[in-house]
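Chemist: Sequential numbering of the sequence shown, starting at 1469, is according to the numbering used here.
Backbone N, C-alpha and C define an ideal beta-carbon position, used for all residues, glycine too.
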Amino acid sequence: MTTSHLQFPLTLRMKLIALAPQFFVVDANQKPVAYIRQKLFKLKEAINVFTDETQKDVLYTIAADRIIDFSARYNFKKYDGLALGSVKRHGMRSLWRAQYDVYVGERVAFTVSEESVATRFFDNVFSQIPVLGAISGYLFQPTYIVKRDTGEEVMRLSKQAALWEGIFKMELLGSLTHAEQESLMLSLFMTVLLERQRG
1469 MTTSHLQFPL
1479 TLRMKLIALA
1489 PQFFVVDANQ
1499 KPVAYIRQKL
1509 FKLKEAINVF
1519 TDETQKDVLY
1529 TIAADRIIDF
1539 SARYNFKKYD
1549 GLALGSVKRH
1559 GMRSLWRAQY
1569 DVYVGERVAF
1579 TVSEESVATR
1589 FFDNVFSQIP
1599 VLGAISGYLF
1609 QPTYIVKRDT
1619 GEEVMRLSKQ
1629 AALWEGIFKM
1639 ELLGSLTHAE
1649 QESLMLSLFM
1659 TVLLERQRG
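#1: Mind checking which residues open and close the beta strand (DSSP E) that includes G1634?
#2: Distance, Cα to Cα, V1483 vs V1572?
#3: Kindly indicate which residue of V1622, V1570, S1554, I1613 has the alpha-carbon position closest to the one of E1583.
#4: Can you tell me which of the three DSSP states L1550 falls into?
#5: Output the distance between the C-alpha atoms of L1474 and D1495, rounded to the nearest integer angstrom.
#6: Assign R1557 to one of two classes, buried (16 or more other C-beta atoms within 10 Å of its C-beta) or exposed (fewer than that).
#7: Can you tell me the Cα-Cα spacing of T1522 and Q1490, whole angstroms?
#8: Quick check on the burial criterion: 16 or more other C-beta atoms within 10 angstroms. Buried or exposed for L1480?
#9: Could you tell me the alpha carbon to alpha carbon distance between I1504 and I1535, rounded to whole angstroms?
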């Protein structure tokens, strides 16, 4: 399976009760697009994106340029070594509202921004409360918007109501090349993983 013809919207399902974060990604026709299993206890982030959960074929690799911190940059490559771009968190500016820059080479071509600070706050608070925490996934759904450097909105990632798993819907809003779709898909994968780690 390749990602040569991505059929949006994509659905990301993340197991919440698992030792290592895992994503199962399907397209609009429920066909597998990607499977991600994050390795545990690695000081430098390294993630392989497989075609499916058999983990036989690697589609992409995601590697941090340093030990994880606010300034880490995550570089994307295809299975053949072709660089697709990278994503980097906005550091201190991301403490209240998640914001990431997506690079093509050394140029910031897109930004990923969380729409609502209030949604993040209440989702985090309720998720820590016994009993109520179990239903926080139904009450609060963070949404992330991807914009070009021109301001055009091209993609949206929104959390869906769910109890025992994290479900995210990735929608195409504007015109993107296939390489841009791949780079933004990987950027949003990392956004979800990093935001999950920070709470």
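Modeler: In this structure, then:
#1: 1633-1640
#2: Looking at the sequence itself, residue 1483 is Lys, so the reference to Val does not match. The alpha-carbon atoms of K1483 and V1572 are separated by roughly 31 Å.
#3: I1613
#4: coil
#5: 7 Å
#6: buried
#7: 13 Å
#8: buried
#9: 20 Å
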